[in-house]
Amino acid sequence: MKYAINWDLDSIFPGGSNSQELQNRMVELDNQIKEYHDKVIDWKPESDSVDKFVEILDLQEVISKGFSQCGSFIGALLSSDINDDKAKLVYGDFSKKYPAVQLAQTIFSKKLSEIDDEKWTELMLTPELKDLSFRLSEIRRDGNELLSEAEENIISTLNLDGLNAWSSHYDTIVASIEIPYIDEEGKEVSLSAGQAFNKMMGDADASVRADLFEKWEKAWSDKVDVFADTLNHLDGFRLSTQKLHGVDDYLKQPLEYNRLKEETVDAMWSTIQANKQPIVDYLTRKAQLFGKDKMEWQDQDAPIVLGDMEERTYTFDQAAEFIVENFEKFSPKMSKFAQEAFDKSWIEAEDRPGKRPGGYCTGLPETQESRIFMTYSNSVNEVATLAHELGHAFHSSVMWDMPSLNQDYAMNVAETASTFAELIVADATLKSAKTKEEKINLLDVKMQNAIAMFMNIHARYIFENAFYQARQKGLVSADEITSMMVEAQKEAYLDGLASYHPHFWAAKLHFFIDDVPFYNFPYTFGYLFSMGIYAYANKKGSNFEDEYIALLRDTASMTSEELAEKHLQVDLTKPDFWQAGIDMVLADINEFMELTEEYVK
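Printed below as a string of structure tokens:
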């Protein structure tokens with residue numbers, strides 16, 4: 001193999017969970033946090049010079065980078081080996097640092113909120129602060145909603161054994177999930193959750209998918225009460241914290257975090273809802289190609305292999321070369337960056353037991369690098385996932401020279417660069433199809449993203465709304481949660497499936513993430529936003545790269561609506577923009593329906 005399938009973590013902190021350099025950096029963080037706290041306490045914003053303000057911001061940046069560097073490294077250890085008990089202990093020690101820095105941040109934010117409007121306007125026009133004015137104004141806004149310093153410190157301390165602990169508890173439960181499977185040699189083996197999911201959704205054999213789905217459902221349902229407790233207490237803690245801050249609207253935090261208006265999200269979902277019937281028709285046609293009347297849940301991502309066609313596969317090396325080559329057509333800088341990621345072993349791709357499920361990209365600001373985690377198994381889908389995560393990493397790379405505050409882009413625009421990269425690869429594979437049957441297969445692969453964004457993620461959004469509304473009134477039983485999930489799936493899919501995934505809520509990590517609630521609609525936003533950018537890129541041709549990078553560099557410095565207006569000249573609160581992206585999906589559906597018509601007569 002030309003490229004390593006295991007990531008290099010030793011170049012970050014050598015020694016894994018026993019790294020002395022990691023321990024030294026964490027001790028240094030403690031000292032920097034104390035210094036930061038003292039500086040913030042002493043700061044008198046009404047009378048001190050701007051230089052004092054800048055000193056605080058500079059130290060804040062050092063601490064922010066240190067937290068990201070250490071947190072990303074520890075998270076990488078836990079992802080690549082869910083049985084690394086030492087890493088779990090290190091994570092616990094690291095988490096204990098959050099209350100101290102959050103206390104200092106609380107004091108800082110409250111002091112900003114106490115500056116009168118006239119003085120604030122004057123400050124934000126100074127050369128040293130002008131470029132940070134958007135982010136500083138957000139921090140000032142949030143400061144107006146904070147409780148006393150002592151109360152905020154209590155909440156952040158309780159978070160460790162509350163919100164954060166319940167999220168970590170979920171990971172512990174998932175680590176115990178094993179799915180029995182009879183391999184090709186007739187031997188029973190145990191698959192981890194990540195391995196079982198990949199095989200269940202991607203195996204070409206329908207009987208394997210059905211068998212694994214039944215065992216998958218059983219594995220999660222066997223622990224359903226524990227998952228229900230975890231979800232109830234995680235979101236219950238979050239709701240209680242919101243209530244203490246006088247917040248009754250559970251969507252307020254995710255909307256503010258994503259810098260989105262509610263009317264933008266409503267416009268997006270309502271436009272999608274009005275265009276769903278062709279997607280249901282597509283799913284039904286795909287089911288017919290499998291010899292079924294309606295689509296089964298586990299068959300949604302299954303490959304379509306017609307006639308004597310063999311599904312195209314890519315080794316990891318081939319995937320790397322394909323991605324680098326096709327990124328080059330849109331952005332030489334993006335291609336060069338991807339090559340660097342492969343050359344420097346930034347990617348953990350090995351298919352082995354003991355890894356957590358899913359994939360992600362994480363940033364390392366002190367070394368100005370990224371690391372990508374996934375489980376690669378040679379399918380076209382995995383090539384797309386790899387491109388997706390490299391898109392995230394490229395987004396970070398074009399912002400390393402900016403202040404940390406202006407690198408803090410939200411999840412919805414974070415999904416823009418990743419999905420854009422994925423679209424490049426999807427179209428490239430489609431254009432390389434040599435036969436009608438292969439084109440059908442690759443059109444289906446491309447469509448899987450749209451189905452996830454418009455149907456699956458919409459179901460998650462509907463479910464999470466229903467769960468939060470119920471949780472505001474009290475604890476929600478496992479049976480009620482499961483019923484909510486099925487109802488949400490039926491609503492999102494227009495009841496167009498033959499079977500559903502009742503315990504999807506337990507199996508999906510996103511519902512248990514403690515970082516930000518509603519880890520769903522930003523994906524769909526990013527998907528459609530990136531489609532708009534992709535269409536724009538195809539029109540602009542070689543002149544696109546600099547404009548694209550300029551857009552990415554603005555993603556943490558304005559609202560999503562302002563970003564779209566500035567760089568794409570569109571209004572996100574109107575259906576027109578969303579419809580334009582959906583029309584691109586509908587064109588693919590129409591082509592798929594025409595190509596497959598003869599196979600279902």
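Residue numbers (full-length UniProt numbering): 1 to 601. Just so it is clear, CB atoms sit at the ideal spot from N, CA and C, and this is done for glycine as well.
- Remark: C-beta atoms of LEU364 and SER72 approach each other more closely than 8 Å.
- Within the region 131-203, complete beta strand (DSSP E) segments of at least 3 residues are found at 179-182 and 188-191, given in chain order.
- For SER109, the enclosing alpha helix (DSSP H) has its first and last residue at 98-113.
- Its Cα nearest to that of ILE41, the residue THR106 stands out among HIS503, GLU598, THR106 and LYS286.
- Taking C-beta separations shorter than 8 Å and ignoring five residues to either side along the sequence, the partners of ALA417 in its chain run GLY391, HIS392, PHE394, HIS395, SER530 and LEU552, following chain order.
- Residue range 575-596 is occupied by the alpha helix (DSSP H) that includes ILE589.
- With a cut-off of 8 Å on Cβ pairs, the region 64-71 is in contact with the region 13-32, counting three or more such pairs.
- Taking all protein chains in view, the Cβ of ALA274 is surrounded by fewer than 16 other Cβ atoms within 10 Å, so the residue is classified as exposed.
- Ranked by how close their Cα comes to the Cα of MET402, the residues PHE108, THR555 and ILE155 have THR555 in first place.
- The DSSP-derived three-state label of SER379 is strand.
- DSSP places GLU369 inside the beta strand (DSSP E), whose first and last residues are 369-373.
- At a cut-off of 3 residues, not a single continuous stretch assigned as beta strand (DSSP E) sits fully inside the region 420-464.
- SER221 has its alpha-carbon roughly 38 Å from the corresponding atom of THR429.
- DSSP places GLY363 outside any alpha helix (DSSP H); the residue lies instead in the beta strand (DSSP E), whose first and last residues are 360-364.
- In the structure shown, the three-state DSSP call for THR482 is helix.
- Contact between the region 83-95 and the region 137-157 is not established, with fewer than three Cβ pairs separated by less than 8 Å.
- Within the same chain, and ignoring the five residues on either side of VAL54 in sequence, the residues whose Cβ sits closer than 8 Å to its Cβ are GLU128 and LEU129.
- Excluding the 5 residues flanking it on each side, VAL476 has same chain C-beta neighbours closer than 7 Å at ASN232, PHE467 and ALA470, in chain order.
- Put simply, the region 197-217 does not touch the region 102-117. Fewer than three CB pairs are less than 8 Å apart.
- Note on geometry: alpha-carbon atoms of VAL383 and ALA319 lie some 6 Å from one another.
- Spatial neighbours of ALA433 in its own chain (CB-CB distance under 6 Å, excluding positions within 5 residues in sequence) are listed in chain order as LYS439 and LEU442.
- Beta-bridge partners assigned by DSSP to MET295: LEU497.
- Nearest to TRP578 by C-alpha distance, out of GLN253, LYS566, ALA535 and PRO357, is ALA535.
- For THR313, the number of other beta carbons within 10 angstroms of its own is below 16, and it is reported as exposed.
- Here the region 253-261 makes contact with the region 557-567; the two share three or more CB pairs at distances below 8 Å.
- Taking a 10 Å sphere around the C-beta of PHE290, we find fewer than 16 other C-beta atoms and assign the residue as exposed.
- If you draw a straight line from the Cα of MET374 to the Cα of GLU46, it comes to about 50 Å.
- Under a 10 Å Cβ-count criterion, GLU369 is classified as buried, with 16 or more other Cβ atoms of the shown protein chains found around its own Cβ.
- The DSSP-derived three-state label of GLU214 is helix.
- Taking C-beta atoms as the reference points, GLU389 and GLY359 count as a pair closer than 8 Å.
- A direct Cα-Cα distance of roughly 5 Å separates SER133 from MET124.
- Between ASP116 and SER17, the CB-CB gap reaches or exceeds 8 Å.
- Boundaries of the alpha helix (DSSP H) around ALA338: 332-343.
- PRO14 and TYR181 have their C-alpha atoms spaced approximately 37 Å apart.
- Residue environment: SER240 is assigned as exposed (fewer than 16 neighbouring CB atoms within 10 Å of its CB, all protein chains considered).
- The DSSP-derived three-state label of ILE74 is helix.
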